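Only one structure is covered here, and it is reproduced in the block below.
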Amino acid sequence: MAAARLRLLSAGLLSPAVSRARHSSSLQGLRALSTLSTTLGSGAGEDEIERIRREFEDAKRNYLSIPVAIKDMAKMNPQGIYVNKNVKLDDLQVYGFDYDYTLSHYSEHLQCLIYDLAKKHLVNELKYPESCLKYEYDHGFPIRGLYYDRLKGCLLKLDFFGSIEPDGCFFGRRKLSLSEIKELYGTRHIGRDQARQLVGLMDVFCFSEACLLADIVQHFVDAKLEFDASYVYEDVNQSIQHVHRSGLIHRKILSEPQKYLIKNSQVFRFLKMLREKGKNLFLLTNSPFYFVDGGMSYLLEDEHFDGNSWRELFDVVIAQANKPTFYNSDHPFRVYDTQKDTLAFTAVDKFLPNEVYYHGCLKSFLQITKWRGPEVIYFGDHLLSDLRGPAKAGWRTAAVIRELEDEIEIQNGDSYRFQQAKLSIIHDLLGKVHATVVSTEKGQVYRALLDELNAERRQCRSAMRDLFNSSFGATFLTDTGRESSFAYHIHQYADIYTSKLENFLSYAPESWLHPPHDIKIMPHNAKVPASLFSGS
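Throughout, the working numbering is defined as the position within the sequence shown, counted from one, plus 1363.
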C-alpha cells in the first residue's frame, strides 16, 4: 500500500557564521557543553537540570565561532594516497589502467550530454511522453554510490552497514521523511532480500542515470499516473546503455574534445616515469579503440614522445574488454586491425608490440603474460566493474576517485570541523541524557532537554550535508558520521585510493604504503573528538 500511495505523491545552506575574533568565547561554549555532559550523568534534580539548560543556552550563543583547538588540528592531504591494505610500491612490476575517468577525465558538460541523449532516446524510441524533454541534468542532485530500488522507485543512500540514510531517500525529486521511509521499508536497514532489488550506481557515468531516473519518476508522480518502477529502471538503463554502445557519446566527445576532455600533462609524466623505471604497463578498457585512440591523442598531443604514438607507453592495449565479465569468462582475445576496423581470426598466444587486442579474459591474460598477481596493480574508477574482479584474482587495486580531493578540502575547512566538533559533543550529551532518563525517569524536564539536543543534532547534520551536496551529502560519509556504503566498497575492493593518478608522483617509487594504525575504516576521514574540548 505504501508503494502504491507513493505513486500519487506530488513534489513538495547551513554554514555557521564564523568570527575569528570570538575564538575564546567559542572554546568556553564548547567546554560548557562538555560540562553539561559530565553533570547529566550525576542524577541531578530538576533544579540542576534547569541550571544546566541555562548553561546550554549560553553555550549555543557562544559556539558560533571556531575554537582555536580546531584550527590547530592537522589537515588531511587532498592529493594524498590513502591506504586500506599494505602496498610496497617497489614490489609492483606491472601497472594496469582503465581509460575513462582514470587516464582521462571529463568536464561537467559530459553528464549533460549523456542525460540529454538518453532522454531523447526515451522519447523518440521508447515512446515516453514528449513532456519528459523539459527536464535537464541537475549537477547539484546526484552523488556517486547511490542505489535505485527497482521495486519501490526510490533513490537511496546507504551507510556502511546497509541502512538507509535518514535524509538520503528520494522518491522522484522529493525527499522522504523518516516516517515515510519506515512505512515503505518497515525499517531503515536493508535486508538481504530487499538488497536484491537494489541497483548500485557506482561510477561517474551513473550521475546522469541517477538524475534521469529521479526525473522520470517525478514526471509520473506529477502527472498522477501509475507506473512500475522496474520498467522505469529498465527503460532508463537501456537508454543510457544505448548512448554508450551506439557510439553516440564517443563520436560527440571526439567531435569537440576541447569541450569534454580535460588535458593533464601530469598523467603523461607519471606514465613516462613508470616506463623509465622499467615497469610494464597495460591498458584494459571497455571503450572501443577508436575512441581511446582519439582521446589519448588529444590529451597527449602537446607532449613529446620518443616514438610515434601514445601506444608505445604500454606493453599491451586491450579495448572492449567487457569488464567485469573479463575477469571470470573464457572469452578469447582477438587482434584488432586499426586500419580496417576488423578482428583477425588467428589465435592469440602472445602479445606483440604495437598491436591492439579486443575482448579476452583474465585467465588467458595471465597465461600469456606470466605476470603474477601480487606484482600487478590495476587502477580504475568503478569499484565493481574495474576493481572487484582484480581484487579477487590477487592483483593489487587502486581506486581513482575524483571527488575525494574536493571532499577532503571540505573536511579540512573550519565550517565542517566546527560542526563535527559540535556534533561530537551533542552525541556524548545525548548518550548520557538517555542513560539518565532510563535510571531516574525525570519526565518532562528531561524530555524537553532531549528534544532540544536532538534538534541541535539535526541542525549539525544538515549543515554538514549542505557543505557537500544539499540532496545526499558527502560521497564517503553519511549525515550521522558513519562511512557510506560507497566507502564500504572502497574498503573492500581498493587496496589504495586517491583522487588522481599524478598524486603518485609525490611518492618515492620504493615507498611502503600502509594504513595508519589508529584508523578503523577510511584513512582519510579524520574526526574531531569531543574530548578535545573537555579540558579547562
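Think of the CB as a built atom: it goes at the ideal place given N, C-alpha and C, for glycine as much as any other residue. Just so you know, these numbers come straight off a predicted model, no measurement behind them.
Point to revise | Sequence-distant residues of the same chain with beta carbon closer than 7 Å to I1731, five excluded per side | key: Numbered from 1 along the sequence shown, position 368 holds the residue referred to as residue 1731. Hits under 7 Å: D1712, K1713 and F1714.
Point to revise | Three CB pairs or more closer than 8 Å across the region 1488–1500 and the region 1681–1690 | key: No, they do not touch.
Review point. Hey, how far is the Cα of A1577 from the Cα of N1600?
Key: The residue you call residue 1577 lines up with position 214 of the sequence shown. The residue you call residue 1600 lines up with position 237 of the sequence shown. About 12 Å.
Exercise for review: Please say whether N1888 and L1840 have beta carbons closer to each other than 8 Å?
Suggested key: Sequence index remark: in the sequence shown, residue 1840 carries index 477 (1-based). Sequence index remark: in the sequence shown, residue 1888 carries index 525 (1-based). Cβ atoms of L1840 and N1888: closer than 8 Å.
Point to revise | Sequence-distant residues of the same chain with beta carbon closer than 8 Å to D1665, five excluded per side | key: Against the sequence shown, residue 1665 aligns to sequence position 302. Spatial neighbours of D1665 in its own chain (CB-CB distance under 8 Å, excluding positions within 5 residues in sequence) are listed in chain order as K1626 and S1628.
Exercise for review: Work out the CA separation of F1633 and D1556 for me, nearest whole Å.
Suggested key: Within the sequence shown, numbered from 1, the residue matching residue 1556 stands at position 193. Within the sequence shown, numbered from 1, the residue matching residue 1633 stands at position 270. If you take the alpha carbons of D1556 and F1633, they lie about 45 Å apart.
Review point. What is the C-beta distance between R1513 and A1592, in whole angstroms, given that I count them as a contact (C-beta under 8 Å)?
Key: One-based indexing of the sequence shown puts residue 1513 at position 150. One-based indexing of the sequence shown puts residue 1592 at position 229. Contact between R1513 and A1592 holds, with the beta-carbon distance rounding to 6 Å and staying under 8 Å.
Point to revise | Minimum Cβ-Cβ distance from L1662 to chain B less than 8 Å | key: The structure shown contains no chain B, having only a single protein chain.
Check your understanding: When the Cα atoms are used, what is the spatial distance from D1704 to A1784?
Key -> Taking the first residue of the sequence shown as 1, we reach residue 1704 at position 341. Taking the first residue of the sequence shown as 1, we reach residue 1784 at position 421. The straight-line gap from Cα to Cα measures roughly 59 Å.
Review point. Candidates V1457, T1838, V1580 and S1778: which alpha carbon is nearest V1567's?
Key: Locating residue 1567 in the sequence shown gives position 204, counting from the first residue. Per the Cα distances, T1838.
Practice item. Please specify which runs of the beta strand (DSSP E), each continuous and at least 3 residues long, are wholly inside the region 1794–1866, giving them in chain order. Key: For the region 1794–1866, whole beta strand (DSSP E) runs of length 3 or above, ordered along the chain, are 1859–1861.
Review point. How about E1873 and D1453: are their beta carbons less than 8 Å apart?
Key: Within the sequence shown, the letter at position 510 stands for residue 1873. Within the sequence shown, the letter at position 90 stands for residue 1453. Against a cut-off of 8 Å, the Cβ pair of D1453 and E1873 comes out as a contact.
Exercise for review: Give every residue of the same chain whose Cβ lies closer than 6 Å to the Cβ of K1448, excluding the five residues on either side of it in the sequence, and list them in chain order.
Suggested key: Sequence index remark: in the sequence shown, residue 1448 carries index 85 (1-based). The answer, listed in chain order, is D1858.
Check your understanding: Which value, in whole angstroms, describes the spacing of the CA atoms of V1580 and E1543?
Key -> Counting from one through the sequence shown, the residue named residue 1580 turns up at place 217. Counting from one through the sequence shown, the residue named residue 1543 turns up at place 180. Annotation: V1580 to E1543 spans about 17 Å, alpha carbon to alpha carbon.
**Study point:** Cutoff 7 Å; reference Y1309; Cβ partners in own chain excluding five residues on either side
**Key:** The requested residue 1309 is not part of the displayed model; the chain covers only 1364 to 1899.
Point to revise | Helix, strand or coil at A1384 [DSSP, three-state] | key: Residue 1384 sits at position 21 when you count from the first residue of the sequence shown. Caution is warranted here: a pLDDT of 38 is assigned to A1384, below 50, making its placement in the model unreliable, and no coordinate value can be reported.
Exercise for review: Measure the CB-CB distance between A1481 and V1606 and report whether it falls below 8 Å.
Suggested key: Translated into positions along the sequence shown, residue 1481 becomes position 118. Translated into positions along the sequence shown, residue 1606 becomes position 243. Contact: yes.
**Study point:** Cβ-Cβ separation, L1518 to F1533 (assumed contact under 8 Å), whole Å
**Key:** Reading the sequence shown from its first residue, position 170 is the one you call residue 1533. Reading the sequence shown from its first residue, position 155 is the one you call residue 1518. The beta-carbon distance between F1533 and L1518, rounded to whole angstroms, is 5 Å. This is short enough to meet the 8 Å contact definition.
Exercise for review: Please name the residue, chosen from K1622, E1675, L1676 and V1719, that lies closest to F1696 on a Cα-to-Cα basis.
Suggested key: The sequence position of residue 1696 within the sequence shown is 333, counting from 1. Minimum Cα distance to F1696 is reached at V1719.
Exercise for review: Assess, as a yes-or-no matter, whether the region 1453–1465 is touched by the region 1779–1795 under the definition of 3 or more beta carbon pairs within less than 8 Å.
Suggested key: Two segments are said to touch when three or more pairs of C-beta atoms, one from each, lie closer than 8 Å; by this definition the region 1779–1795 does not touch the region 1453–1465.
Review point. With a Cβ-Cβ cutoff of 8 Å, do K1515 and N1775 count as a contact?
Key: Position 152 of the sequence shown, counted from the first residue, corresponds to residue 1515. Position 412 of the sequence shown, counted from the first residue, corresponds to residue 1775. In this structure, N1775 does not lie closer than 8 Å to K1515 by Cβ.
Check your understanding: Alpha carbon to alpha carbon, how far is A1826 from L1767?
Key -> In the sequence shown, residue 1826 corresponds to position 463, counting from 1. In the sequence shown, residue 1767 corresponds to position 404, counting from 1. Each residue's alpha carbon lies about 19 Å from the other.
Review point. Can you round the beta-carbon distance between L1561 and Y1511 to whole angstroms, since I take them to be within the 8 Å contact cut?
Key: Residue 1561 sits at position 198 when you count from the first residue of the sequence shown. Residue 1511 sits at position 148 when you count from the first residue of the sequence shown. About 7 Å; that satisfies the 8 Å criterion.
Review point. Excluding the five sequence neighbours on either side, which residues of its own chain have a C-beta within less than 8 Å of the C-beta of G1503, listed in chain order?
Key: For the purposes of this step, residue 1503 is taken as the residue at position 140 of the sequence shown. For G1503, the CB contacts under 8 Å within the same chain, skipping 5 residues up- and downstream, are N1832, S1833 and S1834 in chain order.
Review point. What is the rounded straight-line gap between the Cα of K1640 and the Cα of P1737?
Key: Within the sequence shown, numbered from 1, the residue matching residue 1640 stands at position 277. Within the sequence shown, numbered from 1, the residue matching residue 1737 stands at position 374. So the two alpha carbons sit approximately 18 Å from each other.
Review point. How would you call S1387, buried or exposed, if buried means at least 16 neighbouring beta carbons within 10 angstroms?
Key: Along the sequence shown, read from residue 1 onward, the residue named residue 1387 stands at position 24. For S1387, the predicted model reports a pLDDT of 44, less than 50, meaning its position is unreliable and no value from the coordinates is stated.
**Study point:** Straight-line gap, P1441 to T1861 (C-alpha atoms, nearest Å)
**Key:** Your numbering for residue 1441 matches position 78 in the sequence shown. Your numbering for residue 1861 matches position 498 in the sequence shown. If you draw a straight line from the Cα of P1441 to the Cα of T1861, it is about 9 Å long.
Check your understanding: Whose C-alpha, out of G1836, I1681, Q1702 and Y1464, is nearest the C-alpha of K1538?
Key -> As a first step, residue 1538 is located in the sequence shown; it is residue number 175 there, counting from the start. Restricting attention to G1836, I1681, Q1702 and Y1464, the CA atom closest to the CA of K1538 is found in G1836.
Point to revise | Cβ-based burial, Y1469 [other Cβ within 10 Å; buried from 16] | key: In the sequence shown, residue 1469 corresponds to position 106, counting from 1. Taking a 10 Å sphere around the C-beta of Y1469, we find 16 or more other C-beta atoms and assign the residue as buried.
Check your understanding: Residues in its own chain within less than 7 Å of L1541 by CB, not counting five upstream and five downstream?
Key -> On the sequence shown, position 178 is the one that residue 1541 refers to. Excluding residues up to 5 positions away in sequence, P1529 lie with their Cβ nearer than 7 Å to the Cβ of L1541 in the same chain.
Check your understanding: Can you tell me where the alpha helix (DSSP H) with H1304 in it begins and where it stops?
Key -> Outside the modelled stretch of the chain, which goes from 1364 to 1899, sits residue 1304, for which no answer is possible.
Check your understanding: If you compare alpha carbons, which of L1813, A1850, Y1809 and F1781 is closest to D1435?
Key -> Residue 1435 sits at position 72 when you count from the first residue of the sequence shown. Among L1813, A1850, Y1809 and F1781, the Cα nearest to that of D1435 belongs to F1781.
Check your understanding: Roughly how many angstroms separate the alpha carbons of V1450 and R1551, rounded to a whole number?
Key -> As a working note, residue 1450 is residue 87 in the sequence shown. As a working note, residue 1551 is residue 188 in the sequence shown. Here the alpha carbons of R1551 and V1450 stand approximately 37 Å from one another.
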